[in-house]
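So the number in our numbering is just where the residue sits in the sequence shown, counting from 1, plus 844. Each residue gets a CB set at the ideal place from its N, CA and C atoms; glycine is no exception. Owing to the predicted nature of the structure, the values given are computational and were not obtained by experimental measurement. Structure, as structure tokens:
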Amino acid sequence: MNRPSKRESAARVRNIGALGVGLLILVCNMFCKAATTDDIPPRAKKRAGVTILKRDKCDDSYRLYSSRGTEVAHIIDLDGREVHKWSYPQGHTWHLAEMLPNGHLVAIIKDVMILELDWDSKLIWKAKLRAHHDFARLSNGNTVVVSRRPMPNPWSNSGRLTLDTLVELTPDNKVVWEWKVEEHAKEVAQHVPLQMPPSKLFSDWPHINTIEVLPEGPAAGKDPRFKAGNLLFCGRHIDTIGVIDRKTGKVIWAWGPGELFGPHMPTMLPSGHLLIYDNGSNRSTKVRGYTRIIELDPLAEKIVWEYKAKPPKHFFSRARGSNVRLPNGNTLVAESDPGRFFEVTPQGEMVWEFYNPDLHKNGSRMALYRTLSYARELVDRLVEKHKKK
């Protein structure tokens, strides 16, 4: 990934380095209008299942999704047929669901726990903590979880904040590493301008919604900050993505303000570029009014590819969202608020589209947080393996 930020402004560092007012003001880039059925375009309200399929242009992968408000995750094929599902009803809806290579499913129950189910939906592991948004399973079997803590405001004598923490847990739930955001705000400020939203909006900061372990890749050979094992994160309420040095815990690279608005799910591609879901809305007064997917060269800090709808407002998710670069070069995208996901080519052609068939009792469509892609060969092998049991 990329370089030591040109934006290291001594004045900025001093402001937030004084740790008082600076970061607290910054602490709240966050008041986003909650999504309602009014946010769903009329064209989308009655659709369900696969609505576009240009099979010869699609990646032949399976897709996983979990509807908000449920305790179920589904894997479907290009025709929308269910290939497999997990279900673990216990009265707590899932915030995130992701399959591991062994066929286990990890689900986050927001502010309650993280759990792992086997292929047959039997509980394998759980840890009770204020988990939210994302996790990363490490090669040693440990799990890094995004968590948070309500606490007195560390930068002011009044008010309380909810501050993010990264926690590494062993399989027997021992905490072996912890990273607290308030201890690293000054480092963020050395790379990007920390934003100053309206003072009444303090609460949840910086709203980390993504954590990814950087893989081996070409960026690392050019800039050691992007070496394998470092952590890529996304802070929605500061419009920032960044990299944490795994050994020191320091924020060593950051980018976003002025380009990103309320982003989600940065992920490193084999090219060394970053794919980023740029929602176009944050909790300040800045709202672009449409969502886009961008590919960033982090070494040059240059956007090299962009997808947005025509017209742009036809793709807009105020909150949540995901993007996955598929093996054939297409991109799988979740437009979370209206419960839609779709696949686009590098030229921006939509070749597959799916609307969530799950509805609320009032008839409105359930939102989706993410959709993920898995190779047919992997899933088919898991299906066959478990049929034989």
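Chain E contact for residue i (CB, 8 Å cutoff)
i: Val950; result: No chain E appears in this structure, which consists of one protein chain only.
Between the CA atoms of residue j and residue i - distance to the nearest angstrom
i: Lys1232; j: Leu1226; result: 10 Å
i: Glu1179; j: Phe1186; result: 8 Å
i: Gly1073; j: Asn1017; result: 21 Å
i: Arg1169; j: Arg1136; result: 14 Å
i: His1230; j: Glu1027; result: 46 Å
i: Asp1089; j: Trp1023; result: 11 Å
i: Phe1070; j: Gly1102; result: 22 Å
i: Pro994; j: Thr1006; result: 4 Å
i: Val1032; j: Asp900; result: 45 Å
i: Pro1182; j: Ala1163; result: 11 Å
i: Pro1068; j: Thr895; result: 44 Å
i: Phe1077; j: Leu1038; result: 16 Å
i: His976; j: Ser983; result: 21 Å
i: Met957; j: Met1112; result: 27 Å
i: Gly924; j: Gly1065; result: 41 Å
i: Pro1114; j: Leu1058; result: 11 Å
i: Val996; j: Glu1193; result: With the sequence shown as reference, residue 996 is identified as Pro, and Val is not the correct amino acid for it. If I take the Cα positions, the gap works out to 49 Å.
i: Leu944; j: Gln1191; result: 31 Å
i: Glu1056; j: Leu1075; result: 6 Å
i: Trp963; j: His928; result: 9 Å
i: Val865; j: Leu922; result: Confidence at Val865 is low in this model, with a pLDDT of 33, below 50, so its placement is unreliable and no value can be given for it.
i: Gly985; j: His936; result: 25 Å
i: Gly1093; j: Ala971; result: 23 Å
i: Val1019; j: Val1025; result: 17 Å
i: Asp1048; j: Arg1004; result: 9 Å
i: Lys898; j: Pro1050; result: 40 Å
i: Ile1096; j: Ala1219; result: 34 Å
Beta-carbon separation (whole angstroms), residue i vs residue j, contact threshold 8 Å
i: Arg912; j: Ala1211; result: 5 Å
i: Ile952; j: Asp1008; result: That pair is no contact at about 14 Å.
i: Pro1107; j: Arg1080; result: 6 Å
i: Val1223; j: Ile919; result: 6 Å
Coil, strand or helix - residue i by DSSP
i: Phe1070; result: helix
i: Asp921; result: coil
i: Pro1050; result: coil
i: Asp1083; result: coil
i: Arg1136; result: strand
i: Glu1187; result: strand
i: Arg1220; result: helix
i: Cys955; result: One detail in the question is off: residue 955 reads as Asp in this sequence, not Cys. Correct three-state label for Asp955: coil.
i: Arg1225; result: helix
i: Asp1202; result: coil
i: Asp962; result: coil
i: Pro1156; result: helix
i: Glu1232; result: First, the amino acid is wrong: residue 1232 is Lys here, not Glu. Coil at Lys1232, not helix or strand.
i: Pro1107; result: coil
i: Met874; result: Because Met874 sits at a pLDDT of 36, beneath the cut-off of 50, its placement in the model cannot be relied upon, and the point is left open.
i: Ala1064; result: helix
i: Arg912; result: coil
i: Arg899; result: helix
i: Thr1175; result: strand
i: Thr891; result: For the record, residue 891 in the displayed sequence is Arg; it is not Thr. It is coil, neither helix nor strand.
i: Trp938; result: coil
i: Pro1101; result: strand
Contacts around residue i, its chain only, beta-carbon distance under 8 Å, and the 5 residues preceding and following it disregarded
i: Trp1099; result: Asn846, Ser849, His1035, Val1036, Thr1084, Ile1085, Gly1086, Leu1140, Pro1142 and Glu1145
i: Leu967; result: Tyr932, Leu959, Glu960 and Leu961
i: Glu1150; result: Arg1136, Ile1137, Ile1138 and Glu1139
i: Ser1217; result: Asp903, Ser905, Tyr906, Arg907, Leu908, Val1168, Leu1170 and Leu1176
i: Phe1105; result: Asp1083, Asp1122, Asn1123, Gly1124, Ser1125, Asn1126, Lys1130, Val1131 and Arg1132
i: Val1148; result: His1117, Glu1139, Leu1140 and Asp1141
Sequence-distant residues of the same chain with beta carbon closer than 7 Å to residue i, five excluded per side
i: Lys1152; result: Tyr1134, Arg1136 and Phe1159
i: Asp1202; result: Ser911, Thr914 and Met1210
i: Glu1060; result: Ala1072
i: Thr1215; result: Arg907, Leu908, Tyr909, Ser1166, Leu1176, Ala1178 and Phe1185
i: Trp1021; result: Glu1012
i: Ser1161; result: Asn1123, Thr1135, Glu1179, Ser1180 and Asp1181
i: Thr1189; result: Lys901, Asn1174 and Val1195
i: Asn1156; result: Here residue 1156 turns out to be Pro, not Asn, going by the sequence shown. Closer than 7 Å at the Cβ level, and outside the excluded window around Pro1156, lie Tyr1134.
i: Gly893; result: Gly924, Phe1198, Tyr1199 and Pro1201
Own chain, CB closer than 6 Å to residue i, minus 5 neighbours either side, in chain order
i: Ser910; result: Ala917, Trp938 and Ala941
i: Arg974; result: Asp955, Ser991 and Arg992
i: Trp969; result: Glu960
i: Trp930; result: Ala917, Leu949, Leu961 and Ser965
i: Gly1116; result: Gly1061, Pro1062 and Ala1063
i: Thr987; result: Phe979, Arg981 and Leu1013
i: Glu1197; result: Thr895, Ile896 and Phe1186
If we require 4 or more residues per run, which alpha helix (DSSP H) segments fall completely within the stretch 978 to 1039?
List check, alpha helix (DSSP H) in window: 1029 to 1033.
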